[in-house]
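Everything below concerns the one structure shown next.
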Amino acid sequence: MPRMPVLCVFPRRRVTLLLLMPGLRMAHLEPPAVDILFQEVAIALVVFFTAFLTPRGYVLSNLDQFRRE
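Now the structure itself:
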């Protein structure tokens with residue numbers, strides 16, 4: 180599927196292709212207001228993977244029982 184050009188309207192009413200300026204889309208002029216701590220990232224990853232992998236582990240461990248039903 181071909182990429183559709185993404186247009187952005189600036190306040191000066193000029194239309195510019197964002198694909199031509201990939202670095203400027205993600206640039207911020209000021210630092211983030213709150214720094215993310217390593218512990219917060221670690222806890223979020225543990226919760227995320229636990230929430231998604233625990234049910235799958237339960238299903239895989241009881242796969243024979245589910246096949247009988």
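Using the numbering used here, the first residue of the sequence shown is number 180, and each one after it goes up by one.
In this text, a Cβ means the ideal position worked out from N, Cα and C, and glycines have one as well.
Just so you know, these numbers come straight off a predicted model, no measurement behind them.
Contacting residues, own chain, Cβ-Cβ under 7 Å from residue i (five flanking each side not counted)
{"i": "Val226", "result": "none"}
Assigned exposure category for residue i - 16 Cβ within 10 Å defines buried
{"i": "Pro211", "result": "exposed"}
Proximal residues to residue i (C-beta, below 8 Å), its chain only, five neighbours per side dropped
{"i": "Phe245", "result": "Val238"}
Contacts around residue i, its chain only, beta-carbon distance under 6 Å, and the 5 residues preceding and following it disregarded
{"i": "Ile215", "result": "none"}
{"i": "Met180", "result": "The predicted position of Met180 is uncertain, since its pLDDT is 46 and thus under 50; no value can be drawn from it."}
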